[in-house]
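As structure tokens, the structure follows; a few thoughts come after it.
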Amino acid sequence: MKPHQPFETWIFDEHLSPEEQQRLTEHLRQCESCRALQQKWFEARGALQEKSMAAPRAGFVQRWKSSLVERKEREQRKQAWRVFWIFSGVASGVLVGVLVFFLTRFSMAEWLKLSVEVIHQFLGLTSSLGGILSAWMQLTPIPLHLFVSLLFLLSLLGLIVLWFVVLSRTFRKGEERSYEH
Numbered sequence: 001m002k003p004h005q006p007f008e009t010w011i012f013d014e015h016l017s018p019e020e021q022q023r024l025t026e027h028l029r030q031c032e033s034c035r036a037l038q039q040k041w042f043e044a045r046g047a048l049q050e051k052s053m054a055a056p057r058a059g060f061v062q063r064w065k066s067s068l069v070e071r072k073e074r075e076q077r078k079q080a081w082r083v084f085w086i087f088s089g090v091a092s093g094v095l096v097g098v099l100v101f102f103l104t105r106f107s108m109a110e111w112l113k114l115s116v117e118v119i120h121q122f123l124g125l126t127s128s129l130g131g132i133l134s135a136w137m138q139l140t141p142i143p144l145h146l147f148v149s150l151l152f153l154l155s156l157l158g159l160i161v162l163w164f165v166v167l168s169r170t171f172r173k174g175e176e177r178s179y180e181h
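So, in structure tokens, the structure goes:
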């Protein structure tokens, strides 16, 4: 242990016990080296306390806020891409797993038979829907056709307008939040 320890450390400590403070004072009476160290510490601490904080350049806050918005948007885009790639990877893995499972369970002939059945069912469904639509057109008067068609188109238009309104409000709220921070 150095002869000046723990006194050199205590010089920099502002929270000494009364006993430690008394021992330090006694040591400082006898040790020129530690007194010089304490004097330099008091001068340095005083100089640091006298100095004021440097003022930022003009426009700093505005530059910082605008760069914060840009950094947040960039981070959100990165996060969106990460989520996209994670979900894409998971979906691809599940698809490959399902394909491997089914390829190992069925022969090529069974695959062809299943494909033909699915196509046949799809064509039967579209034919049935066409028949239902044709029967409806023949059994109902033309004004009812026009009314239902107009109602369908207005509903579709209403959904599109609602979608745009929700999107614009969402973007507006996002911009307001980014300016608040």
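Per the UniProt record's numbering, the sequence shown starts with residue 1, numbered consecutively. Cβ atoms here follow ideal geometry from the backbone N, Cα and C, with glycine treated the same way.
Indicate whether residue i and residue j have their beta-carbon atoms separated by less than 7 angstroms.
| i | j | result |
| --- | --- | --- |
| E19 | W10 | no |
| L28 | R35 | yes |
Going by C-alpha to C-alpha distance, which of the options sits closest to residue i?
| i | options | result |
| --- | --- | --- |
| C31 | P6, S67, F101, G93 | P6 |
| F171 | M108, Q38, E73, E14 | E73 |
| E26 | W41, A44, H15, H4 | H4 |
| L37 | F12, S107, G46 | F12 |
Inset, instruction - Just list the beta strand (DSSP E) runs in the stretch 56–87, keeping only unbroken ones of 3 residues or longer that don't cross its boundaries, in chain order. - result: none
Legend entry - Length-filtered (4 minimum) alpha helix (DSSP H) runs lying within the stretch 6–49: 7–12, 18–30
Legend entry - Complete runs of the beta strand (DSSP E) confined to the stretch 98–170 [at least 3 residues]: none
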